[in-house]
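Scroll down for the structure; my scribbles are underneath it.
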Amino acid sequence: MNVDNDRNGQGALPDEQETVQDLNEQRLIRREKLAALQAMGRNPYLVETWDVDAWSRDIKENFEHMEGKQVSVAGRIMAKRQMGKAAFIDIQDRQDRIQCYVKQDALGSDEYDIFLTYDLGDIVGVKGEVFRTRHGEISIRVDTLRLLTKSLTPLPDKWSGLKDQEQRYRQRYVDLIVNPDVRDTFRKRTMIIREIRKVLEDDYGYLEVDTPILTVIAGGANARPFSTHHHTLDLEMKLRISNELYLKRLIVGGLDRVYEIGKMFRNEGMDRNHNPEFTSMECYMAYADMEAVMDVTEQVVSRAALAATGSTKITYQGKEFDLTPPWAVIDMGEAVRQVTGVDFADIETDEQARQAAIRAGMDADDVGDLSRGKILAEMFEMFCEDKPGFLDGPIFVTGHPTEISPLSKRDPEDPRITRRFEAYINGWEIANAFSELNDPIDQLERFREQQAQLDAGEDDEAHPMDEDFVYALEVGLPPTGGLGIGIDRVIMLVTDAPSIRDVILFPTMKPL
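The numbering of the sequence shown is our numbering, which starts it at 158 and goes up by one.
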C-alpha cells in the first residue's frame with residue numbers, strides 16, 4: 158500500500174478529507190522526525206552532494222547492459238510500500254521514476270529503522286545493483302541509502318493530486334513534481350526554443366544578440382508599457398515591449414543578420430493567450446524582404462514542431478493543423494470581402510469606408526471618424542479574426558494599412574497599405590513581419606502622427622517618437638526583412654496547452 162505521511166505510516170484513504178489541522182499535524186510530525194535525525198547527528202540539510210552516475214529512464218531503456226551493475230541514483234520518494242523487513246520505494250529523478258528494493262538485511266537493523274521514518278517527498282541518494290523483480294519490474298537492489306533532504310510538508314496525495322489550476326500556477330514546483338505531463342510540456346518548450354536557435358543560426362546564418370530590457374522609449378510595437386523609476390539618474394524608464402528598434406540599429410551597424418529570444422513586457426489584459434510577461438523571438442535580415450522572412454517563419458515553426466513531436470502535423474484541442482510549408486496567403490482586404498462582402502478595392506474615401514462598416518454591422522460610435530485604413534483593420538479584427546475556422550491556417554495575412562504599421566515599408570503599388578504580414582494558426586496571430594521601413598523622412602512623419610495620438614490621449618498604445626532611431630535610419634538601414642514570433646503561442650499549439658499559463662513556468666498571478 159502507498160505509505161502516506163501520518164504518524165503511523167499508513168496511507169490516507171482516498172475519501173478522507175484532510176483538514177488544515179490535519180495538515181499542520183503532519184507538518185509537525187515531520188519536524189519531529191527531522192529533530193530526531195539531527196539529534197543523532199544525521200542532519201540531512203548538511204549533506205552537500207551525492208555522486209549520481211545513472212538516471213531512471215536510461216537504466217530501464219538499457220537494462221540489457223545495466224543488469225547486475227552498481228548504480229548511484231538520487232531522487233524524491235513518490236511511493237513507499239513496506240512488507241515487514243523489506244520495502245519498495247519509487248524515486249523520481251529528472252527523467253522518470255524507478256523502483257528501489259530496500260531490505261533490512263542489506264542496510265542493517267538500525268539503518269532500516271531510520272529508513273522507515275522517511276516520508277513521501279523526501280529526497281534520497283541510493284546505491285545498489287540493477288535487477289528485475291519476479292513481477293518483471295526493473296529495479297535497484299539497495300545497499301546504501303541516505304537522506305539528502307527532508308520534505309517538511311506533504312505532497313498532494315496520489316488520488317486528488319494537485320488539480321486546482323490556480324494553485325498549480327502558484328506552486329509550480331509542486332505541479333512539476335506530481336504531474337508528469339507538466340514536466341513533459343516544459344521539456345518540449347526547451348526543445349522548441351533550441352530548435353528555433355538551430356534553424357536561425359545553422360540554416361540562415363543569424364547571430365544571436367542581447368538588447369536592453371530597460372529603456373527610456375518603449376518602441377517597436379503598439380502597446381502600453383510598464384513604467385519604473387531609476388533613482389540614481391532620476392529617470393522614468395520603461396520595460397521593453399519589443400526589441401525591434403535596437404535590432405534594426407544593429408543592422409545599420411553592419412551585423413547583417415541578428416536575432417534575439419527574450420522576455421517582453423506589455424501592460425495589457427490577461428486571457429488564455431496573453432500574459433504581461435512573455436517570450437518573443439525577433440530576427441532581422443539585411444537585403445531581404447517580406448517574402449524571405451515568410452520562408453523563415455515557415456521553417457522555424459514547422460521545424461520546432463518536428464523537433465518536439467516528431468511531426469509537422471499537430472493536434473490542438475482536437476483540431477489538426479499541417480505546418481508543412483508552404484503556407485497559404487490572403488490579403489487583408491480580400492479576407493474582409495470574403496467574410497463581410499465589403500470590397501475595399503471599391504472604397505476610396507474615409508466616409509465611404511465608415512458607411513460600409515456601419516452597414517456591415519459595426520457600431521457607429523466605434524466607427525467614429527476612423528480613417529479608411531483603420532476601418533479595414535477594425536473590420537478584419539472584428540469579422541475575420543472572430544470567425545470560427547476562417548484563420549485556422551497556417552496562413553499569412555498581408556496588406557495591412559499604413560496607419561497601423563508605423564515601421565513597415567509602403568507597398569509601391571498601393572501606398573495606403575504596407576509590405577507586412579501576420580501569420581495565423583488556429584485563429585491566433587503567432588508572427589508579425591515587415592519589409593522594414595528604411596526611409597528616415599517617412600519614418601519621422603509616421604512617428605509624429607503616432608506621437609500626436611499619444612499626446613491627444615486618442616491611443617495610449619500609439620508608437621512614441623524615437624529621434625535616435627530616425628537618426629540611425631539617416632545613417633542608412635539597408636533593405637531589411639524583419640520578423641517577430643510569439644514563442645509562447647507556438648509552444649501552446651505544439652504541446653496542446655489550453656492556456657499560455659500552462660507553458661510559462663511562473664505566469665503572472667495576482668497575490669493572494
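Even glycine gets a Cβ: it sits at the ideal position worked out from N, Cα and C.
Quick caveat: nothing in here was measured; it's all calculated off a predicted structure.
Sub-8 Å separation of residue i and residue j beta-carbons
i: Tyr581; j: Ile574; result: no
i: Cys541; j: Val493; result: yes
i: Leu402; j: Val415; result: no
i: Glu618; j: Ala375; result: no
i: Leu640; j: Val453; result: yes
i: Ile297; j: Val409; result: no
i: Phe578; j: Met451; result: yes
i: Ile644; j: Thr436; result: yes
i: Arg554; j: Ile487; result: Just to set this straight, residue 554 is Val in the shown sequence, not Arg. Closer than 8 Å, so yes.
i: Val339; j: Val457; result: no
i: Glu417; j: Asn400; result: yes
i: Val281; j: Leu312; result: no
i: Ala263; j: Asp247; result: no
i: Pro369; j: Arg327; result: no
i: Ile648; j: Ile349; result: yes
i: Arg576; j: Asp446; result: yes
i: Phe288; j: Glu224; result: yes
i: Thr274; j: Lys345; result: no
Nearest-angstrom Cβ-Cβ length linking residue i and residue j, presumed shorter than 8 Å
i: Ala654; j: Thr342; result: 6 Å
i: Arg460; j: Glu352; result: 6 Å
i: Ile561; j: Gly530; result: 7 Å
i: Gly638; j: Met442; result: 5 Å
i: His620; j: Pro572; result: Their Cβ separation, rounded to whole angstroms, is 19 Å, which puts His620 and Pro572 out of contact at 8 Å.
i: Lys242; j: Lys260; result: 7 Å
i: Gly680; j: Thr301; result: Residue 680 falls outside the range modelled here, since the chain spans only 158 to 669, and no answer is possible.
i: Lys307; j: Pro382; result: 45 Å between Cβ atoms; not a contact.
i: Leu135; j: Ala462; result: Not covered by the structure: residue 135. The range shown for the chain is 158 to 669.
Straight-line gap, residue i to residue j (C-alpha atoms, nearest Å)
i: Leu662; j: Arg511; result: 45 Å
i: Asp616; j: Arg251; result: 48 Å
i: Asp279; j: Ile234; result: 6 Å
i: Arg254; j: Val627; result: 57 Å
i: Glu491; j: Cys440; result: 28 Å
i: Gly518; j: Pro558; result: 21 Å
i: Trp484; j: Asn583; result: 13 Å
i: Pro433; j: Arg646; result: 13 Å
i: Trp316; j: Ala449; result: Confidence in Trp316 is poor, its pLDDT being 49 and thus under 50, which makes the residue's placement unreliable; the coordinate value appears in the next sentence. C-alpha separation (whole angstroms): 52 Å.
i: Gly419; j: Leu594; result: 23 Å
i: Ala465; j: Val373; result: 38 Å
i: Glu205; j: Ser468; result: 43 Å
i: Ile271; j: Gly232; result: 18 Å
i: Lys395; j: Glu365; result: 23 Å
i: Arg325; j: Arg238; result: 27 Å
i: Phe591; j: Asp568; result: 11 Å
i: Met539; j: Asp520; result: 11 Å
i: Glu477; j: Glu268; result: 55 Å
i: Asp507; j: Met622; result: 26 Å
i: His292; j: Pro668; result: 49 Å
i: Phe245; j: Cys257; result: 6 Å
i: Glu455; j: Leu548; result: 16 Å
i: Thr665; j: Ala192; result: 37 Å
i: Asn181; j: Val230; result: 32 Å
i: Ala514; j: Gln610; result: 23 Å
Opposing strand residues paired with residue i [DSSP bridges]
i: Tyr416; result: Glu365, Cys440
i: Lys237; result: Ile246
i: His386; result: Glu393
i: Leu640; result: Cys440, Ala590
i: Trp585; result: Ile582
i: Gln574; result: The amino acid at residue 574 is misidentified as Gln; the sequence shows Ile. Its beta-bridge partners are Pro558.
i: Phe422; result: Glu434
i: Gly125; result: Residue 125 lies beyond the stretch modelled for the chain, which goes from 158 to 669, so this question has no answer here.
i: Asp488; result: Thr555
i: Ser296; result: Gln256, Phe288
i: Ile186; result: Ile186 is not bridged to any residue.
Residue nearest to residue i in terms of C-alpha spacing, selected from the options
i: Pro636; options: Ser565, Leu601, Asp625, Ile648; result: Ser565
i: Val632; options: Phe537, Ser528, Gly411, Arg605; result: Gly411
i: Ser384; options: Asn424, Gly377, Leu390; result: Asn424
i: Gly596; options: Leu634, Asp568, Leu611; result: With the sequence shown as reference, residue 596 is identified as Asp, and Gly is not the correct amino acid for it. Among Leu634, Asp568, Leu611, the Cα nearest to that of Asp596 belongs to Leu634.
i: Val660; options: Ala231, Leu333, Ala534; result: Leu333
i: Gly546; options: Glu286, Ala514, Val496; result: Val496
i: Glu505; options: Asp208, Leu480, Pro482, Ile532; result: Ile532
i: Gln509; options: Glu570, Leu527, Asp523; result: Leu527
i: Gly475; options: Glu624, Val651, Asp321, Leu407; result: Val651
i: Met421; options: Glu393, Met438, Arg289; result: Met438
i: Pro551; options: Ser266, Thr472, Phe501, Gln600; result: Thr472
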